[in-house]
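Participant: The structure that follows is given in the form of C-alpha coordinates.
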Amino acid sequence: MRETSNRIIDHTDRNLVAVEGDISIVSAAKKMAESKVDTLVLKENGIYSGVVTATDFLHKAIAQEIDCSKAFISKIASQPLIVIDGNKSMKDALLVMIANNIRNITVLENEEPVGLIKLKDIASYFLQNSPNNSDPITKFWSRYNCREGKTNFIGLVQELLNDMKENLDKNSPTALAITRDASWEEISQCAEDESLYELAQVLALSKIS
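Residues in the sequence shown are numbered consecutively from 3, following the working numbering.
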(Lines of atoms letter the chains of each structure in order from A and count residues from 1; the text may use other names and numbers.)
(Lines give C-alpha, C1' and ligand atoms only; values in the text may rest on other atoms or scores of the structure.)
Protein backbone atom coordinates (compact mmCIF):
# COMPACT_ATOMS: atom_id res chain seq x y z
CA MET A 1 0.00 0.00 0.00
CA ARG A 2 1.30 3.44 -0.93
CA GLU A 3 1.46 5.71 2.09
CA THR A 4 0.36 9.33 1.91
CA SER A 5 2.37 12.22 3.33
CA ASN A 6 2.21 12.57 7.10
CA ARG A 7 2.70 16.36 6.99
CA ILE A 8 -0.31 18.27 8.26
CA ILE A 9 -0.05 20.86 5.48
CA ASP A 10 -0.65 18.17 2.85
CA HIS A 11 -4.04 17.36 4.39
CA THR A 12 -5.10 20.90 5.28
CA ASP A 13 -8.37 22.43 4.14
CA ARG A 14 -7.15 25.80 2.85
CA ASN A 15 -10.60 27.33 2.71
CA LEU A 16 -9.90 29.54 5.72
CA VAL A 17 -12.73 32.00 6.31
CA ALA A 18 -12.02 34.82 8.77
CA VAL A 19 -14.43 37.28 10.37
CA GLU A 20 -13.91 40.31 12.58
CA GLY A 21 -14.75 39.82 16.23
CA ASP A 22 -17.07 42.80 16.35
CA ILE A 23 -19.66 41.58 13.84
CA SER A 24 -22.93 40.16 15.14
CA ILE A 25 -23.51 36.46 15.66
CA VAL A 26 -26.24 36.63 13.01
CA SER A 27 -23.83 38.16 10.47
CA ALA A 28 -21.22 35.51 11.26
CA ALA A 29 -23.79 32.74 10.80
CA LYS A 30 -24.70 34.17 7.40
CA LYS A 31 -21.01 34.32 6.47
CA MET A 32 -20.59 30.68 7.44
CA ALA A 33 -23.59 29.65 5.33
CA GLU A 34 -22.51 31.71 2.31
CA SER A 35 -18.96 30.32 2.48
CA LYS A 36 -20.22 26.73 2.95
CA VAL A 37 -17.89 26.06 5.88
CA ASP A 38 -18.49 24.83 9.42
CA THR A 39 -15.72 26.83 11.09
CA LEU A 40 -14.85 30.52 11.13
CA VAL A 41 -11.56 31.99 12.34
CA LEU A 42 -11.84 35.12 14.44
CA LYS A 43 -9.66 38.11 13.59
CA GLU A 44 -9.34 41.07 15.93
CA ASN A 45 -7.15 44.11 15.23
CA GLY A 46 -5.46 42.18 12.44
CA ILE A 47 -4.58 39.25 14.69
CA TYR A 48 -6.15 35.77 14.48
CA SER A 49 -7.50 35.15 17.95
CA GLY A 50 -10.01 32.29 18.04
CA VAL A 51 -12.47 30.04 16.23
CA VAL A 52 -16.22 29.61 16.02
CA THR A 53 -17.76 26.34 14.88
CA ALA A 54 -21.28 25.49 13.80
CA THR A 55 -21.66 23.68 17.11
CA ASP A 56 -20.87 26.91 18.98
CA PHE A 57 -23.91 28.57 17.43
CA LEU A 58 -26.09 25.79 18.81
CA HIS A 59 -24.55 25.19 22.23
CA LYS A 60 -23.44 28.70 23.11
CA ALA A 61 -25.68 31.13 21.24
CA ILE A 62 -29.03 29.37 21.03
CA ALA A 63 -28.82 27.32 24.22
CA GLN A 64 -27.86 30.39 26.26
CA GLU A 65 -30.58 32.47 24.58
CA ILE A 66 -28.14 35.16 23.48
CA ASP A 67 -29.55 38.00 21.36
CA CYS A 68 -27.71 36.99 18.20
CA SER A 69 -28.60 40.18 16.35
CA LYS A 70 -26.79 42.32 18.93
CA ALA A 71 -24.09 40.18 20.52
CA PHE A 72 -20.67 40.06 18.88
CA ILE A 73 -19.37 36.79 17.48
CA SER A 74 -16.40 37.07 19.87
CA LYS A 75 -18.86 36.26 22.71
CA ILE A 76 -19.15 32.63 21.57
CA ALA A 77 -15.67 32.15 20.09
CA SER A 78 -13.19 29.67 21.53
CA GLN A 79 -10.06 31.57 22.49
CA PRO A 80 -7.09 31.65 22.30
CA LEU A 81 -6.55 30.29 18.81
CA ILE A 82 -4.83 26.89 18.86
CA VAL A 83 -2.34 26.61 15.99
CA ILE A 84 0.13 24.07 14.67
CA ASP A 85 2.95 24.23 12.14
CA GLY A 86 1.95 22.57 8.88
CA ASN A 87 5.26 20.71 8.70
CA LYS A 88 4.45 18.69 11.79
CA SER A 89 2.95 15.21 11.56
CA MET A 90 -0.68 14.14 11.59
CA LYS A 91 0.00 12.32 14.86
CA ASP A 92 1.20 15.64 16.31
CA ALA A 93 -2.12 17.19 15.25
CA LEU A 94 -4.06 14.40 16.98
CA LEU A 95 -2.09 14.88 20.19
CA VAL A 96 -2.74 18.64 20.15
CA MET A 97 -6.47 18.00 19.70
CA ILE A 98 -6.51 15.59 22.62
CA ALA A 99 -4.49 17.94 24.83
CA ASN A 100 -6.79 20.88 24.12
CA ASN A 101 -10.14 19.02 23.78
CA ILE A 102 -10.75 20.42 20.29
CA ARG A 103 -11.82 18.99 16.94
CA ASN A 104 -9.89 21.27 14.60
CA ILE A 105 -6.65 23.26 14.58
CA THR A 106 -5.57 26.28 12.57
CA VAL A 107 -2.57 25.36 10.43
CA LEU A 108 0.41 27.66 9.92
CA GLU A 109 2.61 27.91 6.87
CA ASN A 110 5.55 30.33 7.12
CA GLU A 111 4.02 31.38 10.46
CA GLU A 112 0.78 32.51 8.79
CA PRO A 113 -2.64 30.81 9.17
CA VAL A 114 -3.52 29.10 5.88
CA GLY A 115 -6.25 26.60 6.75
CA LEU A 116 -7.67 24.05 9.13
CA ILE A 117 -6.96 20.42 9.96
CA LYS A 118 -9.94 18.54 11.41
CA LEU A 119 -10.42 15.32 13.31
CA LYS A 120 -12.14 13.76 10.30
CA ASP A 121 -9.02 14.53 8.22
CA ILE A 122 -6.91 12.68 10.76
CA ALA A 123 -9.34 9.75 10.66
CA SER A 124 -8.97 9.59 6.88
CA TYR A 125 -5.19 9.76 7.12
CA PHE A 126 -4.85 6.92 9.64
CA LEU A 127 -7.29 4.82 7.65
CA GLN A 128 -5.37 5.32 4.39
CA ASN A 129 -2.03 4.56 6.01
CA SER A 130 -2.96 1.48 7.99
CA PRO A 131 -1.14 -1.67 6.85
CA ASN A 132 -3.86 -3.96 8.17
CA ASN A 133 -7.51 -3.37 7.31
CA SER A 134 -8.64 -5.98 9.85
CA ASP A 135 -6.86 -4.27 12.74
CA PRO A 136 -9.36 -3.01 15.38
CA ILE A 137 -7.92 0.53 15.32
CA THR A 138 -8.21 0.66 11.53
CA LYS A 139 -11.79 -0.55 11.76
CA PHE A 140 -12.49 2.22 14.26
CA TRP A 141 -11.18 4.97 11.96
CA SER A 142 -13.11 3.49 9.04
CA ARG A 143 -16.34 3.49 11.03
CA TYR A 144 -15.63 6.97 12.40
CA ASN A 145 -15.30 8.32 8.86
CA CYS A 146 -18.86 7.20 8.17
CA ARG A 147 -20.50 7.87 11.53
CA GLU A 148 -19.14 11.07 13.03
CA GLY A 149 -20.87 12.54 16.09
CA LYS A 150 -20.91 12.16 19.90
CA THR A 151 -23.60 9.47 20.09
CA ASN A 152 -22.02 7.50 17.27
CA PHE A 153 -18.57 7.88 18.86
CA ILE A 154 -19.68 6.14 22.06
CA GLY A 155 -21.00 3.22 20.04
CA LEU A 156 -17.84 3.11 17.93
CA VAL A 157 -15.62 2.94 21.01
CA GLN A 158 -17.69 0.07 22.40
CA GLU A 159 -17.24 -1.78 19.11
CA LEU A 160 -13.51 -1.05 19.24
CA LEU A 161 -13.21 -2.33 22.81
CA ASN A 162 -15.03 -5.53 21.89
CA ASP A 163 -12.69 -6.01 18.92
CA MET A 164 -9.63 -5.31 21.08
CA LYS A 165 -10.77 -7.82 23.71
CA GLU A 166 -11.01 -10.50 21.03
CA ASN A 167 -7.54 -9.67 19.69
CA LEU A 168 -5.67 -9.36 22.99
CA ASP A 169 -4.46 -12.17 25.22
CA LYS A 170 -7.22 -12.96 27.71
CA ASN A 171 -4.83 -12.22 30.59
CA SER A 172 -3.88 -8.82 29.21
CA PRO A 173 -4.63 -6.07 31.78
CA THR A 174 -6.38 -4.11 29.05
CA ALA A 175 -8.52 -7.08 28.05
CA LEU A 176 -9.38 -7.76 31.69
CA ALA A 177 -10.34 -4.10 32.20
CA ILE A 178 -12.61 -4.24 29.16
CA THR A 179 -14.17 -7.49 30.37
CA ARG A 180 -15.10 -6.05 33.76
CA ASP A 181 -16.51 -2.94 32.06
CA ALA A 182 -14.00 -0.58 33.65
CA SER A 183 -14.12 3.14 32.94
CA TRP A 184 -12.58 4.35 29.70
CA GLU A 185 -10.02 6.24 31.77
CA GLU A 186 -8.90 3.03 33.49
CA ILE A 187 -8.84 1.10 30.22
CA SER A 188 -6.79 3.91 28.66
CA GLN A 189 -4.26 3.71 31.49
CA CYS A 190 -3.99 -0.07 31.08
CA ALA A 191 -3.51 0.42 27.34
CA GLU A 192 -0.69 2.91 27.93
CA ASP A 193 0.97 0.55 30.39
CA GLU A 194 0.91 -2.14 27.68
CA SER A 195 2.16 0.30 25.02
CA LEU A 196 -1.20 0.19 23.24
CA TYR A 197 -0.86 3.89 22.56
CA GLU A 198 -3.28 4.06 19.63
CA LEU A 199 -6.09 2.64 21.78
CA ALA A 200 -5.25 5.07 24.58
CA GLN A 201 -5.40 7.98 22.11
CA VAL A 202 -8.79 6.91 20.79
CA LEU A 203 -10.18 6.73 24.33
CA ALA A 204 -8.78 10.20 25.02
CA LEU A 205 -10.85 11.48 22.09
CA SER A 206 -13.99 10.91 24.15
CA LYS A 207 -13.46 14.41 25.56
CA ILE A 208 -13.86 16.07 22.18
CA SER A 209 -15.92 13.76 19.93
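Note that the Cβ used here is the ideal one computed from N, Cα and C, for glycine as well.
Is the region 137-147 touching the region 103-115, taking contact as three or more C-beta pairs under 8 Å?
Facilitator: The region 137-147 is not in contact with the region 103-115.
Participant: How about the region 57-65 and the region 85-94: do they share at least three Cβ pairs that are nearer than 8 Å?
Facilitator: The answer is no - the region 85-94 does not touch the region 57-65, with fewer than three Cβ pairs under 8 Å.
Participant: Take every Cβ of the region 67-87, pair it with every Cβ of the region 176-188, and state whether three or more of those distances are shorter than 8 Å.
Facilitator: Because the criterion of three Cβ pairs below 8 Å is not met, the region 67-87 and the region 176-188 do not touch.
Participant: Drop a sphere of 10 angstroms on the beta-carbon of Thr108, count the other beta-carbons inside from all chains shown, and report buried for 16 or more, exposed for fewer.
Facilitator: Translated into the one-based positions of the sequence shown, residue 108 becomes position 106. Burial call: buried.
Participant: By a C-beta neighbour count over all protein chains shown, 10 Å radius and 16 as the cutoff for buried, is Glu2 buried or exposed?
Facilitator: Since the first residue shown for the chain is 3 and the last is 211, residue 2 is missing from the structure and cannot be characterised.
Participant: DSSP three-state call for Arg145: helix, strand or coil?
Facilitator: Position 143 of the sequence shown, counting from 1, holds the residue named residue 145. In this structure, Arg145 counts as helix in the three-state DSSP scheme.
Participant: Give a yes or no on whether the C-beta atoms belonging to Leu118 and Thr41 are separated by under 8 Å.
Facilitator: The residue labelled residue 118 in the question sits at position 116 within the sequence shown. The residue labelled residue 41 in the question sits at position 39 within the sequence shown. Their beta carbons are under 8 Å apart, which means Leu118 touches Thr41 by this criterion.
Participant: Are there 16 or more other CB atoms within 10 angstroms of the CB of Gly48, so buried, or fewer, so exposed?
Facilitator: In the sequence shown, residue 48 corresponds to position 46, counting from 1. Looking at its Cβ environment, which holds fewer than 16 other Cβ atoms inside 10 Å, Gly48 is exposed.
Participant: Hey, how far is the Cα of Leu44 from the Cα of Phe128?
Facilitator: As a first step, residue 44 must be located in the sequence shown, where it is residue number 42. As a first step, residue 128 must be located in the sequence shown, where it is residue number 126. If I take the Cα positions, the gap works out to 29 Å.
Participant: Which stretch, first to last residue, makes up the beta strand (DSSP E) that contains Ile107?
Facilitator: The residue given as residue 107 occupies position 105 in the sequence shown. First-last of the beta strand (DSSP E) with Ile107: Asn106 to Glu111.
Participant: Out of Glu22, Ala101 and Asn164, point me to the one whose CA is closest to Gly52's CA.
Facilitator: The residue you call residue 52 lines up with position 50 of the sequence shown. Considering only alpha carbons, the answer is Glu22.
Participant: Taking Thr181 as part of the alpha helix (DSSP H), name the residues at either end of that continuous run.
Facilitator: Against the sequence shown, residue 181 aligns to sequence position 179. First-last of the alpha helix (DSSP H) with Thr181: Pro175 to Thr181.
Participant: For Glu196, list the residues DSSP reports as bridge partners.
Facilitator: As a working mapping, residue 196 is identified with position 194 in the sequence shown. Bridge partners of Glu196: none, in fact.
Participant: Taking 6 Å as the limit between beta carbons, can you name the residues of its chain near Ala73, skipping five residues before and five after?
Facilitator: By one-based count along the sequence shown, residue 73 stands at place 71. Closer than 6 Å at Cβ, skipping near neighbours: Ile27.
Participant: Using 10 angstroms around the beta-carbon of Glu200, count the other beta-carbons present and answer buried if the total reaches 16, otherwise exposed.
Facilitator: As a first step, residue 200 must be located in the sequence shown, where it is residue number 198. Glu200 is buried by the Cβ-count criterion.
Participant: Cα separation between Met3 and Gln130?
Facilitator: Walking along the sequence shown from the start, residue 3 turns up at place 1. Walking along the sequence shown from the start, residue 130 turns up at place 128. The predicted position of Met3 is uncertain, since its pLDDT is 46 and thus under 50; no value can be drawn from it.
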